[in-house]
Amino acid sequence: MRRASVWIPAILVIAVFVWLEVRRAPAVFTDAGVLFIDPDDYMRLHRARAILEGGTWHIEEMPDIDWPRGGRLHWTSPMDWLLVGAARGIGTLSAEFDRLDFAAAWLPVGLGVIYLSVVMWLLARSVGPWPALLVGLFAAVSPALHRPFALGHPDHHCLLELLYSVAALVCLPRRDESGARHPPSRRAVVCGGAAMGLAVWVAPQSMAAWLAILCGATWATLSGPPEERAVWALRRFDWSLAVLAVVLLGFGVENGPNIGAVSADRISLLHVALAALAMLLPLGPSASFPKRADQQSRRGAAVPAGAWEGRPPAMPRSLGGWVLFGAAALALVVWVAARHRSIFFTVGREEFFRWSEHIVELQPLWTRAGGRVSLAQMHLHLGLLPYALPVALWIFLRGPSLPAGPRVMLALLAAGFTALAIVQRRWLDHAILGLAPVIVIAAWELAGRMLMARNADAPGRRLLLAGVICLALLSPATGFALSPPPAQAHPLDLRSALVAARIREYEAKRPSPPDRRGILCDDAEGSMLLYRTRLPVVAAPYHRTVDGIVEAARFYAERDDEAAREQLARLRVRYVVVPFRPHEQLMNFERIAFKDLRSYDPPVESIDAIGMKHQELRYRPEITRTMAYRLAMEPNARPAGLECIAVIKEGAQTPDGYSGLVYVVPEAAAASAPADD
């Protein structure tokens, strides 16, 4: 087969992905600067800017969030360093936008191109070029892929997806021109293990992918010819050792001398223990290498079937191995049970659960309201794939395309991440890595059987039939991915940019005193205002800073002027920002701060055609006494102790149509104002 016949379609697949993202450019590169998709993006840039400006190379405590206490996020350094490197590289290409903003906006798209290239290349070596191209196209038009690799979304998930693809797919065997199957080389699996370890360093949720790959590699030592089992025994050892080495490195960098640091949401001793435990996981009955065969296998060369005898060296054996592994696993379980409060302290608080009820990414892909349940959101993001996955897994696991171990690995990635995504939509970012190969390879094998039954099997016909099957299963989601993007940024982003500009303008004339610099705002706006104003914020949308979220919610729901003033003084707040759509947000604030609704009767809920929940709000008269209502609706009759410095026209039912937007604490302003002002 000519190389051009493969490379040209591969380039076209990548072009489709890039085109779908470039369409969003007008909503990202705006007159108000670069507007990113998610609050996390701005917090990432805030951390990267601190490194770029020479203050540090590694972010530990962040005094500017959860003000005035400060906080420490669950994030780690690799993504910060990647953003800094991008700013110093491609950031210099922009003369119109800030170099960090420009580089960060394009970074996920660039990583998406690399991701698709890696996936198609590694799959082409293992299952052939045409199924690999179909997997690439399948992924390129899937909404799930455009979440982590979206233009203007430089969160760590784009890095995670690339690392997962390397960690998993380098474990696939490769075929030569004769069709003979060769094991992955030692160099390849060490590279994959290092990628997996780095992914755990970036985010401990990567342990889900780690477990799937580990199970697949272990299964490979239990099935297949003895020579293949022995190769996989060594490869699993090399892979696990590389994972452990990088996890240890990350643990040292992030925790320094505190070697006893333990938490579930950030790389810690817990994850080191799990990676070490994997080294003790027993292997199946397999053969060991003579020295010559071992050297051949480590280079990835085929090993003669007659060169295998005995058991793999330096591996847990038989009953003794299982006893050792079981004892270590039991000790780890007992240790976690004894320290569960400290390990899960960041997600065990009641306030966290009340706040998380309102975070879209933490909700399932089904919607329940008014006695109805809708799966429309699942169909928009995953199409019909969840329904087809059981049949696809049955075909895939019984097919000849891959050895048993890699088949189990991809099946676990597909089933595990799909199930997690349905239960909690943030896992959608990772669903496509296993789902695309499983669905496409199953469709490819099914198409081959159907055409062979008619004596009409040919690569072109098989590709067309498999493509039609995949398109039919993905069609509801494909329409969602291909739909026209918004012509401009979200109103909340434009509003927050306006707020930041007004605060900067006011700060230029009346700088905040050092002891009163904070901004009190809804947590959804906190990250952007911190990045754009360089002033600390009380609330930011992170589970480790839930105290600040509760403080902001309590202020907006407060009805007593004196209590509100005391709270602003205690929090050292200079600016107060009226929340976006405060008549709706107040309901969330009351639930977060007080557990119950105080200014509303229970809303009437319904579900629209795309599965989104709508609420018909029913107000109580007491709502007019809350800070949120008074700041929004009565800017000219503001609560005592606040001065309105910006209003906005957002459809409020006020006499002039304007509602309050930004307030300043006048005592702080007077203390720092020039004498003749």
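Each residue of the sequence shown is one higher than the one before, starting from 16 at the first, in the working numbering.
Here a beta-carbon is modelled for each residue, glycine too, at the ideal position from N, C-alpha and C.
In the DSSP assignment, the residues bridged to R633 are D616.
Between A279 and T361, the C-beta spacing is below 9 Å. Burial is judged here by how many other beta carbons sit within 10 angstroms of a residue's own beta carbon; V338 has fewer than 16 and is exposed. Scanning its chain for C-beta atoms nearer than 7 Å, with the 5 sequence neighbours on each side dropped, one finds around R422 the residues F411 and L412, in chain order. Taking the C-beta atoms as reference points, A492 is found no nearer than 9 Å to P163. Unbroken alpha helix (DSSP H) runs of no fewer than 4 residues, entirely contained in the region 80 to 127, are found at 92 to 103, following chain order. When the beta-carbon positions are compared, L187 and L417 come within less than 9 Å of each other.
In the DSSP assignment, L390 falls outside any alpha helix (DSSP H) and carries neither an H nor an E. G656 has its alpha-carbon roughly 12 Å from the corresponding atom of Q582.
Contact annotation: the region 48 to 59 touches the region 106 to 118, with at least three C-beta pairs closer than 8 Å. Just measuring C-alpha positions, the residue of M294, T91 and R244 sitting nearest R281 is T91. Judged by beta-carbon spacing, M135 lies within the 9 Å limit of V28, meaning their Cβ atoms are closer than that value.
The region 508 to 525 makes no contact with the region 420 to 434, as fewer than three CB pairs between them are under 8 Å. With respect to the 9 Å criterion, P169 and R59 are classified as neighbours on the basis of their beta carbons. In the DSSP secondary-structure assignment, L535 is bridged to V591. Per the coordinates, the alpha-carbon of L256 lies some 15 Å from the alpha-carbon of S200. Secondary structure at A661: strand, using DSSP grouped into helix, strand and coil. S221 and M211 have their C-alpha atoms roughly 8 Å apart.
About 6 Å separates the Cβ atoms of R589 and R532, confirming a contact at the 8 Å cut-off. Around the beta carbon of H61, 16 or more other beta carbons sit within 10 angstroms, so the residue counts as buried. Counting C-beta pairs with one atom in each stretch, the region 629 to 645 and the region 399 to 410 have fewer than three that are closer than 8 Å, which means they do not touch. Between P93 and V217, the C-beta gap is smaller than 9 Å, which places the two residues in contact.
Going by C-alpha positions, A391 is about 51 Å away from G335. The region 549 to 567 and the region 71 to 82 touch, with three or more beta-carbon pairs separated by less than 8 Å. In terms of Cβ geometry, C536 and V592 form a close pair [threshold 9 Å]. If only complete runs of 3 or more residues are kept, the region 519 to 583 shows the beta strand (DSSP E) at 533 to 535, in order along the chain. DSSP lists K628 as the bridge partner or partners of I622. With fewer than 16 neighbouring CB atoms inside 10 Å of its own CB, F368 falls in the exposed class.
L292 places its beta carbon 9 Å or farther from that of F252. In terms of CA proximity to L67, A101 leads the group M648, L35 and A101. In the structure shown, A260 falls within a helical segment according to DSSP collapsed to helix, strand and coil. Counting along the chain, V677 sits inside the beta strand (DSSP E) bounded by residues Y673 to V679. Cβ contact annotation for W370 (same chain, cutoff 7 Å, sequence separation greater than five): V561, I564 and I607, in chain order. Annotation for R383: the continuous beta strand (DSSP E) segment containing it runs T382 to A384.
For a cut-off of 8 Å, the C-beta gap from A481 to A458 is around 4 Å, short enough to register as a contact. Residue ranges of uninterrupted alpha helix (DSSP H) with 4 or more members, entirely inside the region 119 to 189 and ordered along the chain, are 144 to 155 and 172 to 184.
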